[in-house]
Structures are given as C-alpha cells and as structure tokens.
Amino acid sequence: MEELTKEQRQIIEEEIKKEIKKADTFLKPESINKIIQDIIGDIKGKINNKFKCPKNLEEILSSIPQKVYVSLGKEEIKQILKLDFCCFVDNVFYIDSAPKIEPYEHNQNKTAIEEQRIIQCSYDDLLYLFKTYPLIFNHCIFDYKIDKKTPIEQIKKLSFLNCNFKKEVYLNFQECLDSFQMDNCVFEDRVTIKGKFNDNVYFNNSIFKNYADFHECEFEKTANFYGVRFNKTPNFSQAIFRGNLNAVNANLNFTFDDLQE
Numbered sequence: 008m009e010e011l012t013k014e015q016r017q018i019i020e021e022e023i024k025k026e027i028k029k030a031d032t033f034l035k036p037e038s039i040n041k042i043i044q045d046i047i048g049d050i051k052g053k054i055n056n057k058f059k060c061p062k063n064l065e066e067i068l069s070s071i072p073q074k075v076y077v078s079l080g081k082e083e084i085k086q087i088l089k090l091d092f093c094c095f096v097d098n099v100f101y102i103d104s105a106p107k108i109e110p111y112e113h114n115q116n117k118t119a120i121e122e123q124r125i126i127q128c129s130y131d132d133l134l135y136l137f138k139t140y141p142l143i144f145n146h147c148i149f150d151y152k153i154d155k156k157t158p159i160e161q162i163k164k165l166s167f168l169n170c171n172f173k174k175e176v177y178l179n180f181q182e183c184l185d186s187f188q189m190d191n192c193v194f195e196d197r198v199t200i201k202g203k204f205n206d207n208v209y210f211n212n213s214i215f216k217n218y219a220d221f222h223e224c225e226f227e228k229t230a231n232f233y234g235v236r237f238n239k240t241p242n243f244s245q246a247i248f249r250g251n252l253n254a255v256n257a258n259l260n261f262t263f264d265d266l267q268e
C-alpha cells in the first residue's frame, strides 16, 4: 500500500471517531483530537515501513478498534493518576516510572530503582480504572488511603509488583475474573481484602507490618503466600480455599487447620 489518499484518510478518521464515541470516554476534545492525530500518524508510519506496511485499507480499518482502545486507555490512566508515562505490553497497561535516557557512561554504576509515586485520586476514578483496564503497577508508592466499602464488580487483571502502600488499604472484590497479584509489596498500615477470586492469587514475599484481614475471601484456585511476612496475626476466619494454598517460607505464627477447605 502506498501513501494515503485524502479520501482514505477521511474514512480512517471517521472510523477512529466512531470507535472513540463507542468508548464513551471522559477525555476532553483536545485530548481526543490528539489521539486521532497520533493514530493517523502511526498508520502513516507503518505505511512507510516496508516490513509493517498494511496490505490495504481494510487491514487498516480492522486495526483501528485496538489502536483506539490502547490510546484511550493510556491517556485515561495518565490523566487519572497524573502520570507522564504508561505503556501497553502483552495486553496489559503497565504503570511504572518513565524510562530515562542517559549517556551510556552514566548508567554503569546505577543501582537505585526509580519509583513512581501515585498521586491521590478519587476512589471512584481508581475503581473506574480497575474495572475498565487490565493493570500492572510496578515500583509504585501509594501514600494515601485506599478505603471504600463498595464492592468492585468483575475487575480485569490487576497486579501490584514491588509496591509500597503507606496508608490503609481496603479492597472489596465482588468478583475477580482474572489473576490478582500483590507480590513483593510492603503494607505499612492495615490491609483488608475481601471477595471471590476465580483465578490464582499471589501475595508472594510481601510484608504486612500491620493487621491483615482476609476473612470471608473465596479462593477458587491457588492462593500463593510464599515467603510472606505477617508482623501481626492475620484474620482468615471463614476464608474458603477451594484450590491449593502455598504458604512455604512464610513466617506464620498460626495454622490453617481450622479453615474450611
């Protein structure tokens, strides 16, 4: 396929606008216009690349729903969480510190890991992200309370890796459809996790410095607490483990013998 004609560009732009309208985004017109131009620019770039050049207009149009989904997702996440950077990898939106491009010699002895501080946003906005997009937070610091008793319905994939939660965390999942992960995290304050988890759950190598409450959780598959450290005895009363429980190397000062299998 060669350069876009004026008519083809108009068809593509109308298709992009149609997909954006279906998404019912909260983004303002200036952000939407930028997304439209960025998508068209991306399409033009692929046309000029002989290895990625689409064969025809139909192939371009078929790719637009995914392009709109990714572009809207990245922009909504950045605006709600007040971030400069968000990427989309392996069908998941990845929230991490923006990569810094520095001269080669400046990186030789660099060992410190950059962390992304998540600025406080409303719980409703955070809930919107949890329900709308599959998310991975990596090396993020949450220094505000996440506390809402309203159940979160049918969330997408949600992972927190190497994160630090400075204040209380209260997450009530009516149903978690995909795997849920809080690996290598540090919880400075109280943690309450409720809900039904249809897939594997991971808290591996996390540290709970305060009270942790998992009462009435339903774990349909494997619940992984490998290497977890509880500084205070957690509450697993009435928790149901229908799959395997992995608590190897966890510093548990209690047993799970009294839990319903």
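Counting the sequence shown from 1 gives a position; the working numbering is that position plus 7.
Heads up, the beta-carbon is just placed ideally off N, CA and C, and yes, glycines get one too.
Exercise. How is GLU182 classed by DSSP in three states: helix, strand or coil?
Worked result: Residue state for GLU182 is assigned as strand, using DSSP reduced to three classes.
Exercise. Where does ILE18 fall in DSSP's three states?
Worked result: ILE18 falls in the helix class under three-state DSSP.
Exercise. Is LYS35 buried or exposed, if buried means 16 or more other CB atoms sit within 10 Å of its CB?
Worked result: By the 10 Å Cβ count, LYS35 comes out exposed.
Problem set entry | Counterpart residues of THR199 in DSSP-defined beta bridges | Bridge pairing for THR199: TYR177 and ASP220 [DSSP].
For this session: Given a cut-off of 9 Å, decide if SER166 and VAL193 are closer than it, judged by their beta-carbon atoms.
Result: No, the Cβ-Cβ distance between VAL193 and SER166 is not below 9 Å.
Problem set entry | Close beta carbons around PHE33, own chain, < 8 Å, minus the five adjacent residues each side | For PHE33, where only same-chain residues beyond five positions count, the Cβ hits under 8 Å are GLU83.
Problem set entry | Residue interval of the beta strand (DSSP E) (run including PHE167) | Membership of PHE167 in the beta strand (DSSP E) is indicated by the continuous run 165-168.
Exercise. Looking at the structure shown, is ASN40 part of a helix, part of a strand, or coil, going by DSSP?
Worked result: For ASN40, the three-state secondary structure derived from DSSP is helix.
Problem set entry | Continuous beta strand (DSSP E) stretch holding ASP103: start and end | From DSSP, ASP103 is part of no beta strand (DSSP E); its letter is neither H nor E.
For this session: Confirm, please, whether the CB-CB distance from TYR233 to VAL255 is below 9 Å.
Result: Yes, they are a contact pair.
Exercise. Under 9 Å, do LYS152 and VAL176 count as touching if we go by C-beta distance?
Worked result: A Cβ-Cβ contact shorter than 9 Å links LYS152 with VAL176.
Problem set entry | Whole-angstrom distance between SER104 and LEU77, CA atom to CA atom | Per the sequence presented here, residue 77 reads as Val, with Leu not at that position. In this model, VAL77 and SER104 are separated by some 19 Å (Cα to Cα).
Problem set entry | Close Cβ partners of GLN161 (< 6 Å) along its chain, the five nearest in sequence each way excluded | Result list for GLN161: GLU182 and LEU184, in chain order.
Exercise. So, is VAL208 buried or exposed, given that buried needs 16 or more other C-beta atoms within 10 angstroms?
Worked result: In this structure VAL208 is buried. Its beta-carbon is surrounded by 16 or more other beta-carbon atoms within 10 angstroms.
Problem set entry | LEU142 in three-state terms, based on DSSP | In the three-state scheme derived from DSSP, where H, G and I count as helix and E and B as strand, LEU142 is classed as strand.
For this session: For ASP132, I'd like the list of residues in its chain whose CB is within less than 8 Å of its CB, leaving aside the five on either flank, ordered along the chain.
Result: For ASP132, where only same-chain residues beyond five positions count, the Cβ hits under 8 Å are ILE87.
Problem set entry | Spatially closest choice to LYS228 from LYS203, TYR218 and ASP150, by CA coordinates | Distances from the CA of LYS228 to each of LYS203, TYR218 and ASP150 were compared; the closest alpha carbon is that of LYS203.
Problem set entry | Identified DSSP bridge partners for GLN123 | DSSP, once it has assigned bridges, lists CYS147 as partnering GLN123.
Problem set entry | Distance CB(ILE19)-CB(LEU79) smaller than 9 Å | In this structure, ILE19 keeps its C-beta atom at 9 Å or more from the C-beta atom of LEU79.
Exercise. Buried or exposed: where does VAL96 fall if 16 or more other Cβ atoms within 10 Å of its Cβ makes it buried?
Worked result: Under a 10 Å Cβ-count criterion, VAL96 is classified as exposed, with fewer than 16 other Cβ atoms of the shown protein chains found around its own Cβ.
For this session: Please classify ASN231: is it buried, with 16 or more other beta-carbons within 10 angstroms of its beta-carbon, or exposed?
Result: Under a 10 Å Cβ-count criterion, ASN231 is classified as buried, with 16 or more other Cβ atoms of the shown protein chains found around its own Cβ.
Exercise. Under the rule that 16 or more other beta-carbon atoms within 10 Å means buried, what is CYS147, buried or exposed?
Worked result: Residue environment for CYS147: buried (at least 16 other C-beta atoms within 10 angstroms of its C-beta).
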